[in-house]
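Those sequence lines, one after another, are chains A and B. Once you know that position 265 of the first sequence is 265 in the working numbering, the rest is easy, because the numbers rise by one and skip nothing. Once you know that position 50 of the second sequence is 50 in the working numbering, the rest is easy, because the numbers rise by one and skip nothing. Quick reminder that beta carbons are idealized off the backbone N, C-alpha and C, glycines included.
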Amino acid sequence: MKTLLIVKEKEFSWLGSTFQNCHPLATQICKKPLLEYFIDFSILCGINDIRLATDAPTEELVDQFGQGSRWGISLDYSPVRETDELDEIIQKNSLYCKDSRLLVVKGFCFLHYDKNIDYKYFMHNVEPGELSSCETGSVRVMDDLSQSGTVPASDSPTLSLSPVSNVGDIHRLSMEILMDHSDQYVLPGYNNEDHIYIGHNVTIAKKAKIIPPVMIGNHVQIYGETVVGPGAIIGSDVIIDAHSSVQDSVIFDKTYVGEHLELKNKLLGGNLIVDPDTGTQVHLEDPHLLSQVKSSKKSLPLIHRIFHQITALLAVIIMALPYAAFALILKLQKRWLNEKETVFINSSGRTVELVRVTIKDDGLVGRIARSLSLERFPVLIRVMQGKLALIGSRALPADEENRKVLDEYQAYRPAAFSYAEAESWPAEDSDWEIVERFHLARRSLLRDYLMALKAVLNSFN
Amino acid sequence: MKIYQKILEDVCIIIPHGRLDASNTHYIQKSLSEEAEKEGRVVMDLSSLEFLDSSGLGAIISLLRRVKKNDGDMKLVCPADKIRRVFELTRADRMFDIYDDCEVAAKSFPRGKA
Chain A
1 MKTLLIVKEK
11 EFSWLGSTFQ
21 NCHPLATQIC
31 KKPLLEYFID
41 FSILCGINDI
51 RLATDAPTEE
61 LVDQFGQGSR
71 WGISLDYSPV
81 RETDELDEII
91 QKNSLYCKDS
101 RLLVVKGFCF
111 LHYDKNIDYK
121 YFMHNVEPGE
131 LSSCETGSVR
141 VMDDLSQSGT
151 VPASDSPTLS
161 LSPVSNVGDI
171 HRLSMEILMD
181 HSDQYVLPGY
191 NNEDHIYIGH
201 NVTIAKKAKI
211 IPPVMIGNHV
221 QIYGETVVGP
231 GAIIGSDVII
241 DAHSSVQDSV
251 IFDKTYVGEH
261 LELKNKLLGG
271 NLIVDPDTGT
281 QVHLEDPHLL
291 SQVKSSKKSL
301 PLIHRIFHQI
311 TALLAVIIMA
321 LPYAAFALIL
331 KLQKRWLNEK
341 ETVFINSSGR
351 TVELVRVTIK
361 DDGLVGRIAR
371 SLSLERFPVL
381 IRVMQGKLAL
391 IGSRALPADE
401 ENRKVLDEYQ
411 AYRPAAFSYA
421 EAESWPAEDS
431 DWEIVERFHL
441 ARRSLLRDYL
451 MALKAVLNSF
461 N
Chain B
1 MKIYQKILED
11 VCIIIPHGRL
21 DASNTHYIQK
31 SLSEEAEKEG
41 RVVMDLSSLE
51 FLDSSGLGAI
61 ISLLRRVKKN
71 DGDMKLVCPA
81 DKIRRVFELT
91 RADRMFDIYD
101 DCEVAAKSFP
111 RGKA
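Okay, structure coming up:
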């Protein structure tokens with residue numbers, strides 16, 4: 001038997017950038033990623049093969065869940081289209097689905113089960129068809145072998161679905177599990193006392209008070225005179241400062257909660273507070289009240305940055321004289337245009353102002369200036385300053401449309417030369433992103449060096 | 001790199017073997033006959049491909065564009081994880097229907113003109 005999980009991006013688009021630090025399928029319910037509940041249930045059913053069919057990007061999931069070896073199963077991913085119906089998805093995965101009974105979970109939903117029940121017999125013998133459904137999803141058994149099954153679906157042991165269609169659902173499910181159903185699931189953390197789950201490297205001040213049920217993640221610091229619980233789910237890398245209280249609330253990973261804050265019935269992540277009942281979101285600007293615990297960002301290794309900066313410095317030294325001469329000549333001919341442009345320098349929306357040069361001369365002087373890439377001279381200075389990379393993504397102008405592009409483009413690394421122009425293959429304008437994503441995922445010092453060289457050589461032609 | 005071709009009913013199936021990179025993308029471009037391009041039912045079976053770089057990816061995308069110009073479609077067969085990852089990483093998977101079985105991909109074309 002195999003599991004096919006089908007989740008479309010539009011089903012969780014409501015999550016938007018609410019908790020943008022993780023993939024929606026890694027959204028935590030009781031500190032456990034949603035996808036992990038499906039994996040656990042599949043294992044309870046005796047299933048070792050799970051395929052996630054989705055139209056959403058899966059890089060983050062692959063990073064987090066890999067190929068499923070942590071659970072002793074095989075987990076893989078299959079791209080589908082937004083418009084694909086169930087039968088088309090089965091068709092696209094026909095080799096996977098062939099000759100096997102299939103557990104199909106469709107939609108962005110939560111599956112209630114009980115780890116103490118053995119589902120193997122039921123799943124292998126139940127009549128094919130829908131086992132449970134809710135507004136946002138369904139779970140069914142399909143059988144390619146045309147076995148009818150002897151157990152009616154109505155005899156299903158504990159198995160039901162709950163919709164996950166707003167932040168209120170995440171809060172409600174988390175609280176329900178913590179308060180009443182924690183024994184039904186494998187939950188993270190040590191559990192020596194009833195209804196208390198604690199991760200590793202947790203520091204709790206003497207004068208802090210912990211009232212069960214609570215769940216505390218890894219690397220958490222709870223300062224004095226703090227009251228945590230009842231009904232508190234604290235993520236990992238969280239600091240709760242003195243005199244604060246957390247009750248019936250969920251605090252996501254990497255959050256700092258300031259002093260004297262009283263949190264009741266809330267969801268928190270970074271500097272964001274969400275009321276689960278109304279969905280109202282408040283971003284707190286004061287980092288002393290609530291903020292994100294900064295971790296070392298995924299950035300270029302130091303040696304890469306130094307390489308980019310030194311190469312830019314050398315290029316600036318070499319180009320300085322021809323730049324001055326050609327700029328002067330072309331400016332006198334009014335064929336050298338300088339334009340200021342604000343561009344995004346990272347995916348979080350930081351910007352910098354660049355001077356863009358356009359050479360409007362098709363004569364010999366203009367052609368030489370262009371082939372020497374002199375129009376990049378001001379941008380190379382930004383590379384020297386460490387604001388841009390030497391080679392990477394196209395620097396996107398800072399506007400609303402590109403802000404949306406960046407939400408889905410975490411690897412964005414603007415540069416003086418882009419991978420797309422080094423490759424010079426994009427047949428259509430929209431293709432640049434494909435080339436960039438390809439190289440950004442495989443970047444290395446040597447590759448960057450060769451690609452930069454290729455981009456420079458291309459400008460000669 | 002070797003490229004095999006076969007016709008299954010009225011669908012042209014292109015099967016590249018080995019490595020598809022900058023040195024041999026032109027073979028892919030030439031692999032599609034004018035007739036098949038006009039017919040507009042193409043399946044590119046990448047299951048025997050061992051390596052795909054950005055130039056190879058570009059060649060496949062440009063082939064798709066050629067087929068689409070004639071209101072046709074090109075489907076991909078891509079069960080190998082590492083090749084499939086290239087499409088996922090670059091978001092090129094959004095441009096194609098990707099199958100894990102060649103026969104099913106060939107049969108998925110609507111009957112009559114694509």
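{"Item": "Report yes if the C-beta distance between C467(A) and Y96(A) is below 7 Å; otherwise report no.", "Value": "Look at the range of chain A in this structure, 1 to 461, and you will see that residue 467(A) is not part of it."}
{"Item": "Between which two residues does the beta strand (DSSP E) carrying A395(A) extend?", "Value": "Note, A395(A): premise wrong, no beta strand (DSSP E); not H, not E."}
{"Item": "Whole angstroms is fine: what's the gap from I246(A)'s alpha carbon to A232(A)'s?", "Value": "Residue identity differs from the one stated: residue 246(A) is Val in this sequence, not Ile. Distance between the alpha carbons of V246(A) and A232(A) is about 6 Å."}
{"Item": "Just to make sure I have the definition right: I need the residues of chain B whose C-beta is within less than 9 Å of the C-beta of Y77(A). Which are they?", "Value": "D81, R84, R85 and E88"}
{"Item": "G197(A) to L268(A), Cα distance in whole Å?", "Value": "Correcting the residue type first, residue 197(A) is Tyr in the shown sequence and not Gly. So the two alpha carbons sit approximately 19 Å from each other."}
{"Item": "If you compare alpha carbons, which of T136(A), A325(A) and I222(A) is closest to I6(A)?", "Value": "T136(A)"}
{"Item": "Sort D241(A), R376(A), D194(A) and K266(A) by Cα distance to Q281(A) and report the nearest one.", "Value": "K266(A)"}
{"Item": "Using only the alpha-carbon positions, how far apart do G349(A) and I240(A) sit?", "Value": "28 Å"}
{"Item": "If we define contact as Cβ-Cβ less than 7 Å, is A36(B) a contact residue for chain A?", "Value": "no"}
{"Item": "Of all the CB atoms in chain B, is at least one closer than 7 Å to the CB of V250(A)?", "Value": "no"}
{"Item": "Please state the DSSP three-state secondary structure of C97(A).", "Value": "helix"}
{"Item": "Exposed or buried, A105(B), counting other C-beta atoms within 10 Å across all chains shown (16 or more means buried)?", "Value": "buried"}
{"Item": "Taking DSSP as the reference, what is the three-state secondary structure of A232(A)?", "Value": "strand"}
{"Item": "If we ignore side chains and look at the alpha-carbon of each, how far apart do F460(A) and Y99(B) end up?", "Value": "42 Å"}
{"Item": "Using the Cβ count rule (16 or more neighbours within 10 Å means buried), how would you classify E408(A)?", "Value": "exposed"}
{"Item": "Using a Cβ-Cβ cut-off of less than 9 Å, list which residues of the stretch 39–65 of chain B approach chain A; keep chain order.", "Value": "D53, S54, S55, L57, G58, A59, I61, S62 and R65"}
{"Item": "Can you tell which of Y412(A), I368(A) and G258(A) has its C-alpha closest to the C-alpha of A325(A)?", "Value": "I368(A)"}
{"Item": "In this structure, does DSSP put I3(B) in helix, strand or coil?", "Value": "strand"}
{"Item": "Which residues share a DSSP beta bridge with V352(A)?", "Value": "V343(A)"}
{"Item": "Which whole-angstrom value describes the C-beta separation of P128(A) and V141(A), a residue pair presumed to lie in contact below a C-beta threshold of 8 Å?", "Value": "5 Å"}
{"Item": "Of all the CB atoms in chain A, is at least one closer than 7 Å to the CB of Y27(B)?", "Value": "no"}
{"Item": "By alpha-carbon positions, which one of I391(A), E433(A), A242(A) and A416(A) ends up nearest to L446(A)?", "Value": "I391(A)"}
{"Item": "Assuming R470(A) contacts A398(A) under a Cβ cut-off of 8 Å, what Cβ separation, rounded to an integer in Å, is found between them?", "Value": "Since the first residue shown for chain A is 1 and the last is 461, residue 470(A) is missing from the structure and cannot be characterised."}
{"Item": "Should G363(A) be labelled buried (16 or more other beta-carbon atoms within 10 Å of its own) or exposed?", "Value": "exposed"}
{"Item": "Of all the options N166(A), K360(A), M123(A) and R376(A), which has the alpha carbon lying nearest to the alpha carbon of D14(A)?", "Value": "A small correction: the amino acid at residue 14(A) is Trp; Asp does not occupy that position in the sequence shown. Among N166(A), K360(A), M123(A) and R376(A), the Cα nearest to that of W14(A) belongs to N166(A)."}
{"Item": "For I303(A), name the three-state secondary structure that DSSP assigns.", "Value": "helix"}
{"Item": "How long is the line joining the alpha carbons of V104(A) and H124(A), rounded to whole angstroms?", "Value": "14 Å"}
{"Item": "Am I right that I251(A) and I234(A) are in contact with their C-beta atoms under 8 Å? What's the rounded C-beta distance?", "Value": "5 Å"}
{"Item": "Using a cut-off of 9 Å between C-beta atoms, extract the partners of V435(A) located in chain B.", "Value": "S54, L57, G58 and T90"}
{"Item": "Under a three-way DSSP split, which group does F252(A) fall into?", "Value": "coil"}
{"Item": "Check whether the Cβ of Y99(B) lies closer than 7 Å to any Cβ atom in chain A.", "Value": "yes"}
{"Item": "Can you list the residues of chain B that D431(A) reaches, using a CB-CB cut of under 8 Å?", "Value": "G58 and I61"}
{"Item": "Which class does H308(A) belong to by DSSP, given the choice of helix, strand or coil?", "Value": "helix"}
{"Item": "Nearest chain B C-beta to K94(A) closer than 7 Å, yes or no?", "Value": "Looking at the sequence shown, residue 94(A) is not Lys but Ser. With 7 Å as the cut-off, S94(A) counts as an interface residue toward chain B."}
{"Item": "Ends of the alpha helix (DSSP H) at T168(A)?", "Value": "With the sequence shown as reference, residue 168(A) is identified as Gly, and Thr is not the correct amino acid for it. From DSSP, the alpha helix (DSSP H) with G168(A) extends over V167 to E176."}
{"Item": "What in chain A is Cβ-close to D93(B), meaning under 7 Å?", "Value": "P79"}
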